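Residue numbers (my numbering): 55 to 219.
Note that CB positions come from ideal geometry on N, CA and C, so glycine has one too.
Keep in mind that this is a model prediction, so the values were computed, not measured.
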């Protein structure tokens with residue numbers, strides 16, 4: 055069986071990503087046991103879909119993964135984010151969450167490591183994930199899902215802090 059393992063973000067503010075790949079389905083965990091979310095992604099031809107988190111506090115993934123392009127919607131039609139990335143054998147370059155208020159996707163496959171950054175220099179997160187037999191596009195999508203889960207968690211914490219003030 056193939057697997058992913060690594061980290062999105064830094065030591066203090068980041069999430070681990072650990073998942074198994076069986077050839078059509080990626081299943082695992084983003085974050086830890088208490089502050090984390092399950093991830094399940096299923097690839098059927100060029101259609102990819104799945105869920106990150108639970109039924110209430112989670113988001114869907116639905117889109118296409120071709121040989122040279124990843125186009126996926128995370129979340130719903132109104133409250134959601136688009137992923138649009140150009141793929142080569144070793145590089146993913148694109149945007150997450152829109153042209154104006156979005157984040158850059160700049161990821162490279164270096165041996166068996168998916169490395170790079172999602173977001174900008176100041177507000178982005180580093181990606182360092184071991185890719186052991188998982189298709190490159192699936193690994194890229196899993197990394198962006200982990201980034202979104204971490205970003206959603208940070209936004210919820212900030213909103214809670216603002217309510218307390």
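Within the same chain, Cβ atoms closer than 6 Å to the Cβ of residue 170 are found at 160, 161, 162, 181, the five residues on either side in sequence being excluded.
Boundaries for residue 121: no beta strand (DSSP E) harbours it, and the DSSP string shows neither H nor E there. A straight line joining the alpha-carbon of residue 69 with that of residue 139 spans about 22 Å. According to DSSP, residue 145 shares a beta bridge with 162. In the three-state reduction of the DSSP assignment, residue 212 falls in the helix class, which pools H, G and I. Judged by beta-carbon spacing, residue 210 lies beyond the 8 Å limit of residue 85, meaning their Cβ atoms are not closer than that value.
Residue environment analysis places residue 176 among the exposed positions, since fewer than 16 neighbouring C-beta atoms fall within 10 angstroms of its C-beta. Counting every other CB atom within 10 Å of its CB across the protein chains shown gives residue 155 a total below 16, marking it as exposed. By the neighbour-count criterion, in which 16 or more other beta carbons inside 10 Å mark a residue as buried, residue 120 falls on the exposed side. In this structure, the beta-carbon distance from residue 158 to residue 167 does not fall below 8 Å. The beta carbon of residue 79 sits closer than 6 Å to the beta carbons of 96 from its chain, once the five residues preceding and following it are set aside; these are given in chain order. With respect to the 8 Å criterion, residue 91 and residue 112 are classified as neighbours on the basis of their beta carbons.
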